Amino acid sequence: MSNIAQVGRALLSPFTSVGIWYNNTAKAHPLATGIWTSGLKTSAADLFAQKVIEGKKEIDWNRHAVFCTFGFVYLGGFQYWLYNVKFTQWCGPITAKFGHKGTAPIKVFLDQAIHHPFLYFPTFYAIKAKVSGQPLSYAVQKYKSEIWESVKTLWSVWVPLQLINFAFVPRHMRVPYVAGVSFGWTMILSVMQGKFDDAKAKKDAELASKMSADAADKVNSILQNGNTVTAAQSKEQ
């Protein structure tokens with residue numbers, strides 16, 4: 332049994348060392364660690380979603396640029412400031428009285444009911460419109476048409492996960508925690524955006540086909556009317 336334990340410790344040793352190194356790095360450089368972890372995770376998740384889940388032959392680099400920008404700037408940078416600075420300030424008196432477990436539901440409410448619907452998703456759609464060369468009005472339209480489905484999916488995943496985060500995870504590891512467990516969420520969001528885009532493309536194609544059919548019907552109608560008039564004139568002559 333002792334030999335098995337020694338082998339197990341030997342196998343786990345590299346992972347334990349990496350974990351200790353990462354934790355120490357996050358303590359020393361929490362902002363930089365959060366930014367790099369979130370950005371690289373977002374990049375990997377979108378590539379995995381495109382190639383493995385969706386089976387794309389060619390990577391959509393514009394879409395990938397959206398997710399990388401979103402991961403580094405927003406998920407890594409802004410969320411560090413929000414979770415570790417502002418939430419700590421806003422909930423400071425309650426935390427002092429009830430502890431982190433007591434304030435966790437309040438922070439989850441702020442995060443899921445205010446932050447995500449009114450900052451997270453609008454920022455995502457605005458970045459996507461910018462990278463793809465679309466006007467801001469396009470981002471507004473996408474937000475209005477897709478927000479409810481996106482938020483429902485978000486809550487089903489993140490309400491329980493954020494309760495754990497704010498109640499038990501040390502402050503310097505909160506953004507890395509979100510980055511780590513959100514690999515699956517990012518793939519869900521990435522696939523949802525692909526489906527939304529595919530649905531829009533299909534709808535546009537159907538509309539174009541209908542317009543072409545309507546135009547063809549009008550041309551045929553004009554030609555038939557012209558033939559009728561010509562035949563009538565010939566008959567009169």
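The opening position of the sequence shown corresponds to residue 332 in the working numbering, with each subsequent residue numbered one higher.
Ideal placement from N, C-alpha and C gives every residue a C-beta, glycine not left out.
Here the structure is a predicted model, which means the values were calculated and not measured.
With H, G and I counted as helix, E and B as strand and the rest as coil, what does DSSP make of residue i?
| i | result |
| --- | --- |
| Leu343 | helix |
| Glu592 | With the chain running from 332 to 568 in the structure shown, residue 592 is simply not present. |
| Gly350 | helix |
| His431 | helix |
| Cys422 | coil |
| Ala539 | Here the model assigns Ala539 a pLDDT of 49, short of 50, so the residue's position is not dependable and the matter cannot be decided. |
What is the residue span of the alpha helix (DSSP H) that residue i lies within?
| i | result |
| --- | --- |
| Asn496 | 467-499 |
| Lys461 | 452-462 |
| Phe379 | 361-379 |
| Pro507 | 505-512 |
Am I right that residue i and residue j are in contact with their C-beta atoms under 8 Å? What's the rounded C-beta distance?
| i | j | result |
| --- | --- | --- |
| Ile390 | Leu378 | 7 Å |
| Ile425 | Thr434 | 5 Å |
| Val439 | Gln493 | 5 Å |
| Asn496 | Val482 | Not really, about 19 Å apart at Cβ, beyond 8 Å. |
| Val506 | Tyr414 | 7 Å |
Which one of the options has the shortest CA to CA distance from residue i?
| i | options | result |
| --- | --- | --- |
| Trp489 | Arg502, Pro448, Ala363, Gly408 | Pro448 |
| Ser463 | Lys358, Phe398, Thr373, Ile335 | Phe398 |
| Trp516 | His431, Ala357, Ser369, Ala498 | Ser369 |
| Leu362 | His395, His503, Val509 | His503 |
| Ile478 | Thr364, Lys461, Thr347, Thr454 | Thr454 |
| Val471 | Thr484, Leu406, Leu450 | Leu450 |
| Ser487 | Phe497, Val506, Ser513, Lys473 | Ser513 |
| Asn393 | Gly386, Val482, Gln381 | Gln381 |
| Leu485 | Ile445, Tyr353, Leu343 | Ile445 |
Would you say residue i touches the ligand MN, meaning its beta carbon is less than 7 Å from a heavy atom?
| i | result |
| --- | --- |
| Val522 | Among the components modelled here there is no ligand, and therefore nothing to report on the ligand MN. |
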